[in-house]
Amino acid sequence: MTLLELNEVGKAYGAVRALEGVSLTVEQGRISCVLGDNGAGKSTLIKIIAGLHQHDEGSYAIAGEQVRLSSPRQALDRGIATVYQDLAVVPLMPVWRNFFLGAELGRFRLDVPRMRRITQEALEKMGIDLHDVDQPIGTLSGGQRQCVAIARAVHFGAKALILDEPTAALGVKQSGVVLKYVAAARDAGLGVVLITHNPHHAYLVGDHFTLLKRGRMAGSHPRSEINLERLTTEMAGGSDLAELSHELGRTDPKEHPPT
Ligand SMILES: Nc1ncnc2c1ncn2[C@@H]1O[C@H](COP(=O)(O)OP(=O)(O)O)[C@@H](O)[C@H]1O
Ligand SMILES: [Mg+2]
C-alpha cells in the first residue's frame, strides 16, 4: 500500500533552488532510501514530508489525499514520524521521560511506573537491549539514541518513519545496530524513508533507491534493478569529490597517461 507519494516536487529558498522535479513513493513495509551528497536537497525533501517546509511545485499525497502541510503537527497527526539528525532530546532526563516527551501518561500526576514499564517493554519488543530506562538519555551512545527514537515511532503507531542520516555520525558497528532497527521498523509494517550519503548502508536495507544531485533526481531504482557496485558508482559519478579530483589533476593515471 502506498503511504506517501511525492510527484515532481520543487522548493526554493529565496533565490536558491533546493529541489526541482523530485518524485518519491513510500510503501508500507518497505524502505525507500534517498541518497545524495551534502547540499543535494535530502533534508529539504524530508522537511517537506514532515510539514516543516512547504513545497512550491509538484504534489504531495498522504494515503491518496493531496496535502500541503503547514506544521509538523499535521504530519504527526497523519502518522508521519521524523527522526532528525540532531535528535531533539533532553539529555539529563531519563530514557523513559524522553520516550514519552509530549505524550506523558497520567491525567493529574505523571504515571511514572507505567511510563517506565511501557518504555522498557517497547524497547524489548524491538530487541533493544537497554538495562536501565532511568539513566539520562545523554549517557546513551548516538546509535542507542537513534534506536530509542525508532522504537518510539513504532510504539506510538507511526505509519511512516523518516530518518535523516541516522548513521552519519556513527562507526561501523553502531551503524549496523541502527540499520537493524530500521529493518525492524519495516518488519513492523512501517514505510521507511532512509536518508543517507552512504550507498553501503542504503544497500544493506533498502528496497528502493532515489539519488539526488544538486536538488534534482539523478536516479530512481528498485532493488531488483541495481546492485551495490552500480549504486556506489552512481553516487560517486559527478560528485563534487570527483570534480575536485579532476580540478586538482589527481585523476587516475590510466585515464590520463603522463606525457
Ligand atoms: N533554510 C534554508 N535557507 C536557504 N537555503 C537553504 C536552506 N536549507 C537548505 N538550503 C540550501 O538548499 C540546498 C539543499 O540543502 P539540504 O536540503 O540541506 O541538502 P542535504 O540535506 O542533502 O545536505 C543547499 O544548497 C542548501 O544550502
Ligand atoms: Mg541534510
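Residue numbers (the UniProt record's numbering): 1 to 259. Yeah, the Cβ is synthetic: ideal placement off N, Cα and C, and Gly gets one too.
DSSP beta-bridge partners of residue i
i	result
C33	L194, F209
Q66	A61
N7	S59
Q220	At residue 220 the sequence reads Ser, which differs from the Gln that was named. Paired residues: T210.
D187	None, per the DSSP bridge assignment.
R17	A12
I80	A160
T2	E27
Residue i classed as buried or exposed, judged by whether at least 16 other C-beta atoms fall within 10 angstroms
i	result
D164	buried
G127	exposed
K173	exposed
Q120	buried
V34	buried
R152	buried
S70	exposed
Euclidean distance between Cα positions of residue i and residue j
i	j	result
P113	Q146	24 Å
L76	M235	31 Å
R107	G41	42 Å
Q74	T139	32 Å
A188	Y84	21 Å
H208	L110	42 Å
A168	L101	25 Å
R117	H131	12 Å
DSSP-derived helix/strand/coil call for residue i
i	result
M126	coil
P91	coil
Y203	helix
Y181	helix
P136	strand
T25	strand
P166	coil
Determine, using beta-carbon pairs with one atom in the stretch 54 to 68 and one in the stretch 94 to 110, whether at least three such pairs fall under 8 Å.
no
Is it the case that the stretch 134 to 148 contacts the stretch 173 to 185, given that we only count it when at least three CB pairs across the two stretches are under 8 Å?
yes
Sufficient close CB pairs (3 or more, under 8 Å) joining the stretch 155 to 169 to the stretch 185 to 193:
Result yes; three or more Cβ-Cβ pairs closer than 8 Å.
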